[in-house]
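First residue of the sequence shown? That's 7 in the numbering used here, and the numbers climb one at a time after it.
No residue lacks a Cβ here, since even glycine has one placed at the ideal position from N, Cα and C.
Here is the structure we will look at.
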Amino acid sequence: MEAVPAGVDPTQWCQIVSKWSQPHDKERAARNAENAKKQTCPHTMGRISSVRRQQETSIQDRLLLWKINRTRKDGSWSSEDARQKWAHASEMLAEEGLMPEDGNLEANEKAFKAIMGPEHPGRVRTQGFGVTPSRYFPQSTTTQGSGSGGNTAFDRVVKLEEVVRTLQSEVRQLKENNQQQHPPGSSTLGDNDQFSPN
Numbered sequence: 007m008e009a010v011p012a013g014v015d016p017t018q019w020c021q022i023v024s025k026w027s028q029p030h031d032k033e034r035a036a037r038n039a040e041n042a043k044k045q046t047c048p049h050t051m052g053r054i055s056s057v058r059r060q061q062e063t064s065i066q067d068r069l070l071l072w073k074i075n076r077t078r079k080d081g082s083w084s085s086e087d088a089r090q091k092w093a094h095a096s097e098m099l100a101e102e103g104l105m106p107e108d109g110n111l112e113a114n115e116k117a118f119k120a121i122m123g124p125e126h127p128g129r130v131r132t133q134g135f136g137v138t139p140s141r142y143f144p145q146s147t148t149t150q151g152s153g154s155g156g157n158t159a160f161d162r163v164v165k166l167e168e169v170v171r172t173l174q175s176e177v178r179q180l181k182e183n184n185q186q187q188h189p190p191g192s193s194t195l196g197d198n199d200q201f202s203p204n
């Protein structure tokens with residue numbers, strides 16, 4: 007018998023070693039090892055789940071979360087395939103004049119879906135156990151008349167981002183107009199206006 011690890015009950019250790027030596031467990035281990043070799047974009051999170059990483063970083067953007075989960079601490083990629091997928095997503099966004107880090111959820115989600123392909127039945131990438139496509143993407147699975155009419159949280163966020171961009175553009179325009187009317191170094195007082203301290 008192998009040496010019992012510290013802190014493990016010897017009886018339980020015997021049971022687990024016996025279980026591991028069963029033919030069906032050996033077959034499953036071999037099958038899992040083969041499947042692991044097929045991974046082209048492995049994550050670098052170790053035992054930390056994607057959901058936990060999402061909570062720790064407060065990142066809701068699946069594209070940025072996917073990048074974080076596939077880069078090492080030194081910034082290198084876990085695989086060449088992962089690097090190429092990121093480059094492809096960046097190129098797609100650049101065509102629209104955007105970068106992944108801009109925080110445009112709608113554009114990043116579109117790029118993420120394009121590079122990753124359709125979701126697998128019954129699960130959503132980066133969202134963990136129990137999240138289904140019908141819960142995460144309710145607008146894509148509702149039938150006419152039964153849905154929320156496109157009033158999902160994601161739709162509201164997209165609309166709010168659009169409002170923010172419009173307001174930022176208006177503020178920029180107002181600043182430019184103000185600078186044209188009152189160039190730096192010019193006096194804002196009229197010819198007849200005198201400043202006289204009391």
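Pick from GLN61, HIS94, SER56 that is closest to ARG76, judged by C-alpha positions | SER56
Cutoff 7 Å; reference GLN186; Cβ partners in own chain excluding five residues on either side = none
Could you say which of THR132, PRO190, ARG162, THR46 lies nearest to ILE205 if we only look at CA atoms?
-> Not covered by the structure: residue 205. The range shown for the chain is 7 to 204.
Alpha helix (DSSP H) runs contained entirely in the stretch 80 to 134, provided each spans 4 or more residues = 86 to 101, 111 to 122
What residues in its chain sit with their C-beta under 6 Å from that of ASN110, if we drop five residues either side in the sequence?
-> LEU104
Do PRO124 and VAL130 come within 8 Å of each other at the CB atom, strictly closer than that value?
-> no
Distance between GLU176 and GLY191 (C-alpha atoms, nearest Å) = 25 Å
GLY44 - containing alpha helix (DSSP H), residue span | Correcting the residue identity first, residue 44 is Lys in this sequence and not Gly. Per DSSP, LYS44 belongs to no alpha helix (DSSP H) and is neither H nor E.
Could you tell me which of ASP31, ASN183, GLU112 sits nearest to ARG162, measuring between CA atoms?
-> GLU112
Coarse secondary structure for THR172, derived from DSSP in three states = helix
Residues near GLN273 in its chain [Cβ-Cβ closer than 6 Å; skip 5 each side] = Examination of residue 273 is not possible in this model, given that the chain is present from 7 through 204 alone.
Grab me the residues of LYS73's own chain with a C-beta within less than 8 Å of its C-beta, minus the 5 sequence neighbours each way, in chain order.
-> TRP92, PRO106
Are there 16 or more other CB atoms within 10 angstroms of the CB of THR147, so buried, or fewer, so exposed?
-> Only weak support is given to the placement of THR147: the predicted model assigns it a pLDDT of 42, under 50, and the value that follows is read from those uncertain coordinates. It is exposed - the Cβ of THR147 has fewer than 16 other Cβ atoms within 10 Å.
Based on the DSSP secondary-structure assignment, which residues constitute the bridge partners of THR77?
-> TRP83
Comparing alpha-carbon positions, which option in VAL169, GLY52, GLU101, GLU102 lies nearest GLU84?
-> The displayed chain sequence assigns Ser, not Glu, to residue 84. SER84 has its Cα closest to that of GLY52, out of VAL169, GLY52, GLU101, GLU102.
Have a look at ASP67, ASN184, GLU182 and flag the residue whose alpha-carbon is nearest the alpha-carbon of ASP108.
-> ASP67
Straight-line gap, TRP26 to LYS79 (C-alpha atoms, nearest Å) = 34 Å
According to DSSP, is ALA9 helix, strand or coil?
-> coil
Between MET122 and VAL10, what straight-line distance do the alpha-carbon atoms span, to the nearest angstrom?
-> 44 Å
Cβ-Cβ separation, ALA100 to PHE118 (assumed contact under 8 Å), whole Å | About 15 Å separates the two Cβ atoms, so there is no contact after all.
Through-space distance from PHE143 to PRO189, alpha-carbon basis | 50 Å
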